[in-house]
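Engineer: So the protein sequences, as listed, match chains A and B.
Under numbering that gives the first Met the number 0, the first residue of the first sequence carries the number 0, and numbering increases by one thereafter.
Under numbering that gives the first Met the number 0, the first residue of the second sequence carries the number 0, and numbering increases by one thereafter.
Using N, Cα and C, we set each Cβ at its ideal position, and we do this for glycine too.
Quick one: structure below, then a few questions.
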Amino acid sequence: MGEYTLNELGSIFAMQGFAGISLFSVLLLMALGLAIIFGQMGVINMAHGEFMAVGAYVTYFLSSMTETYLPGFMPYYFLFAIVAAFFVAAIIGYFAEYALIRHLYKRPLDTLLATWGLSLIMQQCFRSIFGAREVSPTLPEWLLGSYQPTENIHIPLNGMFVLALTFFVTAGVFYLLFKSRWGLRVRATTQNRQMSGAVGINTKKVDRYTFALGCGIAGIAGAAFTTIASTGPTTGSLYIVDTFMVVVFGGAASLFGTIASAFSIAQAQSILEFFISGSMAKVYTLLVLVLILMFKPEGLFASKVRR
Amino acid sequence: MQFIYEKLLGGKQGAVGFFILAALILIVLPLFLDMFRLNLVGKYLTYAFAAVSIVLLWGYGGTLSLGQGIFFGLGGYAMAMFLKLEASSPENTAIQSTPGIPDFMDWNQLTELPWFWLPFHSLTLTIILILVVPAAFAYLIGAAMFKRRVGGVYFAIITQVIAVILTVLIVGQQGFTGGINGITDLRTLNGWDITTDSAKLIFYFLNAFLLLGVIIVGRFILTSKVGSLLLAMKDKEDRVRFSGYDVANFKIFIFCIAAVIAAIGGAMFTLQVGFMSPSFVGIVPSIEMVIFAAIGGRMSLIGAVYGTLLINFSRTMFSESFPELWLFLMGGLFIGVVMFFPNGLAGIWQSYGHYITRYFAFADKFFPKEKTNLPQLNTKES
C-alpha cells in the first residue's frame with residue numbers, strides 16, 4: 000500500500016466503499032426475498048437467482064418496448080419496470096408454490112432439488128426467449144453520470160438510486176412483516192403452524208403469499224441489477240450462493256442480521272477487490288464466512304424461533 | 000460363505016441385482032459398444048462413484064452434501080498432477096524458459112515447482128494422497144460441523160460454498176493449478192501410454208471392478224451395526240443420541256468414506272479422460288451427482304449406478320440432436336422424481352417390478368410378499 004498517499008487511500012476507500020454499497024444493495028434485495036422464504040418458511044429456493052433474472056428481463060423487455068413505441072416515455076419507464084418486475088416475479092412465484100413447493104414442505108432437502116430443477120427450466124426459457132447473449136436495458140438519462148464531491152471521488156448516480164430503492168423496499172418489508180395484519184399471520188405461522196391453523200389463519204394461503212412476496216422482491220432486485228451489470232440466462236445462478244451465505248451468516252429468520260451480513264460481506268469483498276485480485280477477494284471473504292459459521296453455526300443474530 | 004452372502008451381497012435380492020449390474024458393465028457393454036462409446040461409459044461410471052457415495056451419505060446418513068465435487072476434484076487433480084509432472088520431464092519441456100515444470104507454470108512466470116506439487120513425483124505417494132487428502136479434508140469439515148450439530152440444510156449450503164471456494168481458487172491461481180483450462184496433455188503413466196485403445200480398455204475394466212468393489216464395501220457398511228445406526232439417526236437423531244451414541248462420530252465416519260469413494264472416482268476420471276478441470280469441481284457437477292443418486296434411488300447403491308448411466312446417456316443423446324430441450328428435460332426430471340418418485344428407479348422397480356416378473360416362475364423368490372430388503376424412504380420426516 001506504500002505507493003498511495005493518505006489522501007488517495009481515503010478516496011479509494013470511499014469509492015470502493017460505495018462500489019460495495021451497490022453490491023450490498025443487490026445482495027440485500029436478493030437476500031431479503033430469500034430470508035423471507037428460507038427464514039420464515041424453511042424452503043430452500045435454489046431458483047431465487049432466476050426470479051431475480053425474471054425481474055431483470057422484464058426491465059429489459061419494457062425498455063426495448065418503450066424505445067420502439069413510446070420514445071417520449073423513456074425517462075419514466077424505469078419506475079414502471081420496477082413495479083412490473085415485482086408483479087411478474089411474484090406471479091411466477093405464486094404458481095411455482097402452488098404447483099411445486101407446497102407438496103414438499105415436509106422435506107426441506109427435496110425442495111432444494113426440485114427448485115434446482117425449476118431453475119434449469121427457467122434458465123432455458125430465458126435462453127429460448129431472449130437468446131444466450133447478455134442483454135442490458137437502455138437506462139434513462141437521469142441514472143447516468145456521477146456525483147463528484149472532491150476531485151478524486153466519483154460516485155455513480157445509479158448506485159445512489161439503487162441504494163435508495165433498497166432502503167424503501169427494506170422499510171416496506173419491515174412494515175409488512177412487523178406492523179401489518181398479514182405480517183402477524185406470517186409470523187404466527189412460522190412459530191406454530193398447528194396453533195395458527197387452529198385460531199383460524201389459513202396457513203396455506205399465508206405460505207403462498209409469503210413465497211410470492213419473496214419472489215417479487217427478487218424481481219425488484221433484478222430491476223436494480225440491470226443498472227449495475229448486464230443480464231444473461233445464467234446471471235441468477237452466479238449470485239445464488241452469495242445470497243445464501245448472506246442469509247445463513249445473518250442468521251435465518253432475522254432480518255436485521257440479513258442487513259448486517261449483506262453489508263459486511265459486500266464491503267469486505269469490494270474493498271479487498273481493490274488490493275488483491277477479484278477472485279482471491281471472493282475466496283477470502285467466503286473462507287472467513289465458512290470459518291465463522293463453523294464456530295457460530297446459528298449466524299450473527301440467532302433466531303428465537305423454536306424449531 | 001453365509002457371511003459373504005448376507006453381508007456383502009445383501010441376501011438373494013441384493014445378490015441378483017449385483018450380478019446383473021456386474022454382467023452389464025463387465026460383459027454386455029464391452030461386447031456391444033465400440034471403443035469410443037465404451038470410453039464414454041467408463042467416464043459415466045466414474046461419476047457413479049460419486050453417486051454411490053451420495054447414496055451412503057444422503058440416503059442412509061441423512062446428510063445431503065452438495066460438495067461431492069470437491070472430493071471428486073481432489074482425487075482427479077491429485078492424479079492429474081502426477082501425470083502432468085511425468086509429462087513435463089526436462090526432456091519434454093526443453094523449449095520452456097524453466098524446463099522440468101508443467102507448461103502452464105512456465106507461462107505464468109513460475110521458475111520453481113510449488114511445494115505442494117513435490118509429493119506427486121511418486122506414484123505410490125500419489126495413490127496414498129488420493130485416499131488420504133479427501134478423507135482428512137472431509138474429517139476437518141465434518142468434525143467442525145457435526146460436532147456442533149450443524150446438519151441438514153446448513154450442511155448442504157456450507158458444503159456448496161466450499162465447492163465454490165475451491166473452484167474460484169483453482170480458476171484464480173492459474174500458475175499453480177492450470178486455471179480454467181485445468182490440467183491437460185496427460186499422456187503416460189510410469190512410461191505407459193494411456194491414450195491407446197488397449198490402455199483405455201484396461202482402465203475401463205479397472206474402473207468397473209473398483210466400482211463393484213465400492214458397492215460391496217458400501218453394502219458391508221450398511222448391513223453392519225454402523226448402517227443400522229445411520230438409519231436410526233436419520234429418522235430420530237435425538238433418540239440415538241440419548242441411547243448413548245456419539246451421533247457426530249458416525250456422521251463424520253460416513254462423510255469421510257463418501258469423500259474417499261468420490262475421490263477414487265475422480266482419479267479414475269482423470270486416467271480415462273486424460274484431463275481434469277475446475278468444471279468437475281463446482282456447484283453444477285456436485286448437484287448433478289446428487290441427481291444421479293436421486294434418479295437411481297437414494298436408498299439403493301446399485302440404483303445410483305443405473306441412474307448415472309441413464310442420465311448421462313440421455314444427455315449425450317439429447318445434446319446431439321435437441322440441445323435446447325435437454326435442460327427442460329433435466330429440470331423436469333428433477334422435479335418429477337422428487338415429487339412423484341422419491342425413491343427413484345429402485346423405488347419404481349420395487350413397487351412395479353413384480354408386474355413384469357410375475358410371468359416368470361421365479362418371481363416370488365425375488366419379490367418376497369412379506370417385506371423387501373430396501374428400507375423405504377420416510378417421506379413424512381420433518
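Thinking C-beta only, is Ala-135/B closer than 7 Å to Gly-68/B?
Structural biologist: It is not a contact, given that the beta carbons lie outside the stated cut-off.
Engineer: Looking at the strands, I want to know which residues DSSP matches up with Pro-155/A.
Structural biologist: DSSP lists Ser-145/A as partners of Pro-155/A.
Engineer: Taking all protein chains shown into account, decide if Leu-147/A is buried (16 or more other Cβ within 10 angstroms of its Cβ) or exposed.
Structural biologist: Before going further, note that residue 147/A is Gln rather than Leu in the sequence given. So Gln-147/A ends up on the exposed side.
Engineer: Evaluate contact between the segment 86-93 of chain A and the segment 237-257 of chain A, counting only Cβ atoms and requiring at least three cross-stretch pairs below 8 Å.
Structural biologist: Output reads no: the segment 237-257 of chain A does not touch the segment 86-93 of chain A.
Engineer: Give me the Cβ distance between Ala-384/B and Val-54/B, rounded to the nearest whole Å; I'm assuming they're in contact under 8 Å.
Structural biologist: Outside the shown range of chain B (0 to 381) lies residue 384/B, about which nothing can therefore be said.
Engineer: When we look at the beta-carbon of Thr-4/A and count the other beta-carbons within 10 Å, is it buried (16 or more) or exposed?
Structural biologist: The residue is exposed, with fewer than 16 neighbouring Cβ atoms inside 10 Å.
Engineer: Work out the CA separation of Val-272/B and Ile-219/A for me, nearest whole Å.
Structural biologist: One C-alpha to the other measures close to 44 Å.
Engineer: In this structure, how does DSSP classify Glu-134/A when only helix, strand and coil are distinguished?
Structural biologist: Reading the sequence as shown, one finds Val at residue 134/A and not Glu. Strand at Val-134/A.
Engineer: So within the segment 178-244 of chain B, which uninterrupted alpha helix (DSSP H) runs reach at least 4 residues, ignoring any that extend past its ends?
Structural biologist: Qualifying alpha helix (DSSP H) stretches, in chain order: 196-222, 224-234 and 236-241.
Engineer: Pull the bridge partners of Met-275/B from the DSSP assignment, please.
Structural biologist: Answer by DSSP bridge pairing, in chain order: Ile-182/B.
Engineer: Using the beta-carbon of each residue, which ones in chain B are nearer than 9 Å to His-153/A?
Structural biologist: Chain B residues near His-153/A: none, gap ~28 Å exceeds 9 Å.
Engineer: If we ignore side chains and look at the alpha-carbon of each, how far apart do Gly-141/B and Arg-147/B end up?
Structural biologist: If you take the alpha carbons of Gly-141/B and Arg-147/B, they lie about 10 Å apart.
Engineer: Identify each residue in the segment 282-312 of chain B for which the Cβ-Cβ distance to at least one residue of chain A is less than 9 Å, and report them in chain order.
Structural biologist: Listed by position along the chain: Ile-282, Val-283, Ile-286, Val-289, Ile-290 and Ala-293.
Engineer: DSSP three-state label for Thr-114/A, please.
Structural biologist: Residue state, collapsed to three classes: helix.
Engineer: Enumerate in chain order the residues of its own chain whose CB-to-CB distance from Gly-217/B is below 7 Å, with the five nearest sequence positions on each side excluded.
Structural biologist: Around Gly-217/B: Val-51, Leu-55 and Leu-300.
Engineer: Between Leu-73/B, Ser-223/B, Val-149/B and Ser-242/B, which has its C-alpha nearest Ile-169/B's C-alpha?
Structural biologist: Residue Leu-73/B is the option with its Cα nearest to Ile-169/B.
Engineer: Got a sec? Which residues, its chain only, sit under 6 Å from Thr-188/A by beta carbon, not counting five neighbours each side?
Structural biologist: The answer, listed in chain order, is Ser-195, Thr-202 and Val-205.
Engineer: Would you check if the distance between the CB atom of Ala-55/A and the CB atom of Phe-224/A is smaller than 7 Å?
Structural biologist: Yes; because the gap between Cβ atoms is below 7 Å, this pair is in contact.
Engineer: Starting from Pro-133/B, trace the alpha helix (DSSP H) in both directions and tell me its first and last residue.
Structural biologist: 122-145 is the extent of the alpha helix (DSSP H) around Pro-133/B.
Engineer: Just curious, the alpha helix (DSSP H) that Gln-266/A is in, first and last residue?
Structural biologist: That run of the alpha helix (DSSP H) goes 254-274.
Engineer: State yes or no: is the C-beta of Val-31/A within less than 7 Å of the C-beta of Ile-216/A?
Structural biologist: In the sequence on display, residue 31/A carries Leu and not Val. A contact, by the Cβ cut-off of 7 Å.
Engineer: Please give the ranges of any beta strand (DSSP E) in the segment 47-99 of chain A, keeping only runs that are unbroken, at least 3 residues long and fully inside the region.
Structural biologist: Entirely contained in the segment 47-99 of chain A, not one beta strand (DSSP E) run reaches 3 residues.
Engineer: So with CB distances below 7 Å, who are the chain A contacts of Pro-113/B?
Structural biologist: Ordered by position in chain A, no residue passes the 7 Å Cβ test against Pro-113/B, which lies about 16 Å from the chain.
Engineer: Quick one: is Val-314/A near chain B, going by C-beta distance under 7 Å?
Structural biologist: Since the first residue shown for chain A is 0 and the last is 306, residue 314/A is missing from the structure and cannot be characterised.
Engineer: Taking Leu-228/B as the reference, which of Phe-252/B, Asn-107/B and Ser-318/B has the closest Cα?
Structural biologist: Nearest option by C-alpha distance: Phe-252/B.
Engineer: So with Cβ pairs under 7 Å, would you call Val-282/A a contact of chain B?
Structural biologist: For Val-282/A, the answer is yes, since a Cβ of chain B falls inside 7 Å of its Cβ.
Engineer: Compare the C-beta of Leu-168/B with all C-beta atoms of chain A and state if any pair is closer than 7 Å.
Structural biologist: It does: the Cβ of Leu-168/B has a partner Cβ on chain A nearer than 7 Å.
Engineer: Examine chain B for any beta-carbon lying closer than 7 Å to the beta-carbon of Ser-269/A, and answer yes or no.
Structural biologist: So no, Ser-269/A is outside the interface.
Engineer: So what does DSSP say about Thr-92/B, is it helix, strand or coil?
Structural biologist: Reduced to three states, the DSSP call for Thr-92/B is coil.
Engineer: Report yes or no: do the segment 278-297 of chain B and the segment 112-120 of chain A share at least 3 C-beta pairs separated by less than 8 Å?
Structural biologist: Output reads yes: the segment 112-120 of chain A touches the segment 278-297 of chain B.
Engineer: Label Lys-370/B either buried or exposed according to how many other C-beta atoms from any shown protein chain fall within 10 Å of its C-beta, with 16 as the threshold for buried.
Structural biologist: Note on Lys-370/B: pLDDT 48, under 50, position unreliable in the model; no value is reported.
Engineer: Going by other Cβ atoms of all chains shown within 10 Å of its Cβ, with 16 needed for buried, is Gly-213/A buried or exposed?
Structural biologist: That one is buried.
Engineer: Which residues in chain A sit within 7 Å of Tyr-59/B, going by Cβ to Cβ distance?
Structural biologist: Residues of chain A passing the Cβ test: none, with the nearest at roughly 14 Å.
Engineer: Could you pull out every residue in the same chain whose Cβ sits closer than 8 Å to the Cβ of Pro-284/B, ignoring the five residues on either side in sequence?
Structural biologist: Excluding positions up to five away in sequence, the list reads Gly-68, Phe-71 and Ser-278.
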